[in-house]
Amino acid sequence: MANDWRSLIHLEPRAGWLNDPNGLCCFGGKYHVYFQFSPDSPSGAGRKCWGHFESSDDMKSFDYTGIVFEPDIPEDRSGVYSGCAVIHEGKMHIFYTGNVKLPGDYDYITAGREANQIHVVSSDGIHMGAKNIILRNSDYPKEMSCHVRDPKVWIEDGKWKMVLGARTLDDEGGILFYEANDPDDWHFVRFLTRKDFGYMWECPDLFDVEGKWFLGLSPQGVPHEEYKFQNVYSAGYFRYEDEDLKGEFEEFDMGFDFYAPQTFIDKNGDRLLIGWMGIGDIPYTNKTTELGWQHCLTLPRRLSVAPDGALLQTPVVDYNGGWGSLSDDAPEFPYAVKAEVSEGASFELSIGGAKISYSDNVAMLSFEDESGAGRTVRKAVINGLKDITVIADKSSLEIFYNGGRYVMSTRFYPDTQRPVIRAKGIDLFIRSINKTEVRGFE
Ligand code: FRU
3 MANDWRSLIH LEPRAGWLND PNGLCCFGGK YHVYFQFSPD SPSGAGRKCW
53 GHFESSDDMK SFDYTGIVFE PDIPEDRSGV YSGCAVIHEG KMHIFYTGNV
103 KLPGDYDYIT AGREANQIHV VSSDGIHMGA KNIILRNSDY PKEMSCHVRD
153 PKVWIEDGKW KMVLGARTLD DEGGILFYEA NDPDDWHFVR FLTRKDFGYM
203 WECPDLFDVE GKWFLGLSPQ GVPHEEYKFQ NVYSAGYFRY EDEDLKGEFE
253 EFDMGFDFYA PQTFIDKNGD RLLIGWMGIG DIPYTNKTTE LGWQHCLTLP
303 RRLSVAPDGA LLQTPVVDYN GGWGSLSDDA PEFPYAVKAE VSEGASFELS
353 IGGAKISYSD NVAMLSFEDE SGAGRTVRKA VINGLKDITV IADKSSLEIF
403 YNGGRYVMST RFYPDTQRPV IRAKGIDLFI RSINKTEVRG FE
């Protein structure tokens, strides 16, 4: 059977382009998943809006409720850019960046762009109050370029706190901290960076997991290495202690398609992360574009802290039945496959044209056929691989190594709904996953 590449467990628009997850929260007994949405074109042209999915229970089904923000005031006329939601005293407080590109002959880095931070209050996550401008270019330190965006806000000890992604006039990426007693009245606290680590930090997220703090960010301009930072832009985190960035930057995901993640707290108090299963300016393509839509979000991933202080990501999926052995028939999407890896073992696992392999402490994801749509190879050094779990949807794979200590996500476009699974060197187990129902599309 031909594959229409429509995701069965990943949120995606019916038509148009999706990028960053925005405003993730649990509010009024529902989960809210907003996203950067260009409804006019699958290549991202036209209006940049926020689309909205909500789930009444545990994210097993969603309703698409439509566009909640579009560029309709002078301060967001070139795009309702990324932002977040904070719940306070029974209301949802949304913060986002209004992007403005002034007409003229500008570089749009040092001049010609407004970055307006905007606050909106909502009682239900669908009907939005007035757009209130809380920060403008003149409110940022004078060393900043016009690239200041993606507010992530939280409340700590009764104080409102915000981080913003920024690019300095010297092409240094970093974050700006702001604080407020009143969410409409913010003051600047400080700028934080790591030397020689990219020219722009997008989508910062300062969050705690099991009492440890982390700064998530999506840096642009970090030099490529053989086993790290292989994508055009990266996404990962530093540890955050004593108000400073500690240790090495760890990538959240080393696959071909992952960027701009955001975290939030679920109804059990756990911290979940959802990323965009896509990246801008990639040298490969997505075959759904010809069919009218492009990109999806990753599955939610529950975060915990590994013994080495790094983050572990566990996919939140609704399994159907238990683990079983592979049969001779190729399985139907969506499903998970997993294997334990014995010490020193090498293996190869392929799902259609996607090849996942491990030998000499290097994990590789590669494509040798058209199903990768131009994707070649991604590599990660994983000393002592113990286990691997792959979540497979009709046009995506999310690969979790060592309980989610390392992750690789990729889009792929097999021409059949049932690509053949082959495994060499490991015993593979398979488990079916229930589809995520999405209502509300015409
Ligand atoms: C990240 C990003 C954000 C921006 C948004 C615009 O992918 O570039 O920095 O707010 O996308 O869609």
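Just so we're on the same page, our numbering is the position in the sequence shown counted from 1, plus 2. Don't be surprised by glycine CBs; every beta carbon is placed ideally from N, CA and C.
Same chain only: Cβ atoms within 8 angstroms of residue i, ignoring 5 sequence neighbours per side
i	result
H189	Y180, E181 and A182
V392	A338, V339, K340, L351, I353, I358, L399, E400, I401 and F402
V440	L13, F55, S63, F64, D65 and Y66
T287	A375 and G376
Residue i CB to nearest heavy atom of ligand 1 below 7 angstroms
i	result
S220	yes
Y201	no
G81	yes
R2	No answer is possible for residue 2: the residues shown for the chain start at 3 and end at 444.
Q38	yes
K289	no
G176	no
N21	yes
K163	no
Y321	no
Y261	yes
K357	no
C205	yes
G277	no
T99	yes
G238	no
K133	no
K103	no
S84	yes
K426	no
Rounded Cβ spacing between residue i and residue j (contact assumed at less than 8 angstroms)
i	j	result
G53	Y36	7 angstroms
S397	W19	Their Cβ separation, rounded to whole angstroms, is 15 angstroms, which puts S397 and W19 out of contact at 8 angstroms.
G25	I120	About 12 angstroms separates the two Cβ atoms, so there is no contact after all.
C51	P153	Contact flag wrong, Cβ pair sits at about 17 angstroms.
P143	W162	Rounded, the Cβ-Cβ distance is 20 angstroms, inconsistent with contact.
K103	G114	7 angstroms
Top-ranked residue by Cα proximity to residue i, from the options
i	options	result
F64	E56, F71 and V70	E56
M279	R273, D246, A237 and E250	A237
Y239	W215, E245, G223 and E228	W215
F193	I276, W203, Y98 and D187	W203
K269	G31, S9, N5 and I69	G31
Y321	I128, P206 and I435	I435
E345	S329, N363 and L328	N363
G46	G282, G271, A4 and I111	G282
S147	R433, S329 and A117	A117
H149	T291, T112 and M256	T112
V2	Y261, E212, G218 and L328	Because the chain in this structure spans residues 3 to 444, residue 2 falls outside the shown range and cannot be described.
Q232	L219, F258 and V211	F258
H90	C28, L104 and N134	C28
G218	K133, T291, L305 and D141	L305
R84	E158, G100, D74 and E77	The sequence as given places Ser at residue 84; Arg does not occur at that position. Selected option, being the one with the closest Cα: G100.
H129	V70, I75 and D107	V70
Close Cβ partners of residue i (< 6 angstroms) along its chain, the five nearest in sequence each way excluded
i	result
A17	G294 and W295
G249	R241
T438	I11
V409	D255, Q315 and F402
K381	Y229, V364 and M366
Coil, strand or helix - residue i by DSSP
i	result
G406	helix
T287	coil
E439	strand
D78	helix
D172	coil
S348	coil
G68	strand
E14	coil
N233	coil
E212	coil
G277	strand
D141	helix
S368	strand
S220	strand
E245	coil
Beta carbon proximity, residue i to chain C, threshold 8 angstroms
i	result
L293	This model lacks chain C altogether, as it is built from one protein chain only.
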